[in-house]
Amino acid sequence: MNRFHPTVRCKAEMAALLRHASRARPPAGRRGMFHRKSRWRRGFLPPLGISFLLLPLLLSFPPDVLAGKGEKRKDLPQPVEVDRAIREDISLFTHATTNLEPKRAVEVFAEIPGLIVDLTKEEGDFVRRGALLARLDPGNRSIRLEKAKRQAENEERNFARAREMKAQSLLSEEAFERSRFALDMARIEVKEAAWALSQTRVRAPFSGIVTARLVSEGERADPGRPLFTIAEIDPLLARIYLPEQEIQNLAPHDRVELLCVTSNRRIEGRIERISPVVDPKTGTVKITIAVENPKGRLRPGTMVSITLVKERHEGVVTVPKEAIVREVRDHYLFVVEDGVARRRRVELGETQGNRVEIAQGLAAGEVVVVRGQGALRDGTRVEVVRTTAQTPGS
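As structure tokens, then:
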């Protein structure tokens, strides 16, 4: 090595200083601490002090000069991790939270007053349309029905005789009409009595689940007092309200993903309807989502988080988020070409999960640096130490 090299001069100067320090002796009269019988070695403190004095000088030299490897380290390639830009479809989502509701829920009443003698269903029971829920004491309603039937039979016989007599011109038109009217009224009386008797049996208006039993046996049922509450739970409905600008690409029958907040269970629904009007106070539109529930495992009131696709970008170039280097106004990344990192400015699009859309500045298939950009400049030689697995869209 050339003796004029900075490293050689530095080492020579340091060696001379250290030799001088080793020969230094403390002044006369101050040797007590450094006496030959002292546990401190002779001449220890002066070299130590000079070493501290030399420390700022050592720190002032660049590390490459002290190591004597300036030119070699400059040429070493920088280790980086890379990934490849790919072309894929990405989706933009909007989210909302709400509670599942029954498609319909009604209170069941008795149409006539009466004493409750039997309740056949309890809360949580599934019932079919027309299933018996409760029985009331019929009282004299069965007797009234029997009486009405007998009266109707009698009026039918009277009307038959009146028709024969009219055919023989033995009965006036007025008398014949009175007989017909009496028969009609008797038949109406039978229907009314039969209806009153049937109302002593309270039945389910539709298929669903009993969500509440509101009376007990022995109580009196009145027309204004509900006996049960029944809810139709297949399907269940979720109603959400979204800003008008977020529903432009939504349509009825679109599939929707729901997550039950308490159980972490994922379910699928579909958009049943989109309100045709915008709420002028909130600027939102009501979206009704139907969730199939054939086995009744989902319950009304369950809180769900809903994810809808509000926009799709098909066949766009994407890279991992880690590849993007952000500046005040611009975004850029490093593309590896023939072992050299090239700094390239890019325009970003949308983000999905860990992938970022590159709207301009990069082509699918190009290799980009995802880790190690801090030591790179345009034109820096690089060594690929790892290729990150491509994980499109999450």
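When the letters of the sequence shown are read in order and numbered with this note's numbering, they come out as residues 325 to 718. Glycine included, each C-beta is placed from N, C-alpha and C at the ideal position. All values reported here derive from a predicted model rather than from experimental measurement.
For L457 and T444, which I take to be in contact (beta-carbon distance under 8 Å), what is that distance rounded to the nearest angstrom? Indeed they touch by this definition, with Cβ atoms about 6 Å apart.
Kindly indicate which three-state DSSP category K610 falls into: helix, strand or coil? strand
Which parts of the segment 456-532 are runs of the alpha helix (DSSP H), unbroken and 4 residues or longer, counting only runs that do not cross its ends? 465-491 and 497-522
From this set, A491, E616, A528 and F483, which residue's C-alpha is nearest E431's C-alpha? A528
Determine the contact status of E581 and L439, defining contact as a CB-CB distance below 9 Å. no
Rounded distance between the beta-carbons of G685 and V670, thought under 8 Å: 4 Å
At what residues does the beta strand (DSSP E) containing K540 begin and finish? Here the sequence assigns Ser to residue 540, which means Lys is not the residue at that position. Bounds of any beta strand (DSSP E) do not take in S540, whose DSSP letter is neither H nor E.
Same chain only: Cβ atoms within 6 Å of R487, ignoring 5 sequence neighbours per side: Cβ neighbours of R487 beyond the five flanking positions: none.
Measure the alpha-carbon distance for E516 versus P426 and round it to whole angstroms. Distance from the CA of E516 to the CA of P426, rounded to the nearest whole angstrom, comes to 35 Å.
Sequence-distant residues of the same chain with beta carbon closer than 8 Å to N478, five excluded per side: A510
For T421, which residues in the same chain have their Cβ closer than 6 Å to its Cβ, ignoring the five residues on either side in sequence? S629
As assigned by DSSP and simplified to three states, the class of A647: helix
Taking the C-alpha atoms as reference points, what is the distance between V664 and A683? One C-alpha to the other measures close to 24 Å.
C-beta atoms of P567 and V609 nearer than 9 Å: Against a cut-off of 9 Å, the Cβ pair of V609 and P567 comes out as a contact.
Is G438 close to the ligand FMN? I mean its beta-carbon at under 8 Å from any heavy atom of the ligand. You won't find the ligand FMN in this model; it holds no ligand whatsoever.
Mind checking which residues open and close the beta strand (DSSP E) that includes R623? Neither: R623 is in no beta strand (DSSP E) and is coded neither H nor E.
Per the DSSP calculation, V432 is bridged to which residue(s)? Among the bridge pairs identified by DSSP, V432 is matched with F552.
The segment 611-624 in contact with the segment 551-568 per 3-pair CB rule at 8 Å: yes
Contacts around V602, its chain only, beta-carbon distance under 8 Å, and the 5 residues preceding and following it disregarded: Excluding positions up to five away in sequence, the list reads E568, T608 and V609.
Opening and closing residue of the beta strand (DSSP E) in which E405 lies: Q402 to R408
Under 6 Å Cβ to Cβ from V691, same chain only, skipping five residues before and after it: list those, please. V406, R408 and V660
Mind checking whether V694 and T675 have CB atoms under 9 Å apart? no
Report yes if the CB atom of E556 is closer than 9 Å to the CB atom of R428, and no otherwise. Yes, these two residues count as a Cβ contact at 9 Å.
Sequence-distant residues of its chain with Cβ nearer than 7 Å to Q697 (five each side left out): V649 and F658
Rounded separation between L801 and E480 - CA only: No answer is possible for residue 801: it lies beyond the span of the chain, which begins at 325 and ends at 718.
Can you check the segment 654-709 for any beta strand (DSSP E) of at least 3 residues that lies completely inside it and give the ranges in chain order? 655-661, 664-676, 679-684 and 691-695
I'd like the list of long-range same chain contacts for L583, defined as Cβ closer than 6 Å, with 5 residues on each side in sequence excluded. R590 and S629
Which two residues bound the contiguous beta strand (DSSP E) that contains V652? It is not in any beta strand (DSSP E) - V652 carries neither H nor E in the DSSP assignment.
Can you tell which of L632, G677 and H637 has the C-alpha that lies nearest to the C-alpha of E412? H637
Could you give the residue range of the beta strand (DSSP E) that holds G448? That residue, G448, is in no beta strand (DSSP E); it is neither H nor E in DSSP.
Under the three-state DSSP convention, the category E616 falls into: coil
Return yes when the Cβ of F417 is within less than 9 Å of the Cβ of K634, no when it is not. Contact: yes.
Tell me, please, which residues DSSP counts as bridged to A420. I630
Spatial distance of F433 from G448 (CA atoms): 18 Å
State the Cα-Cα distance for the pair N588 and V708, rounded to the nearest angstrom. 41 Å
G454 bridges to which residues according to DSSP? Partner(s): none; G454 has no beta bridge.
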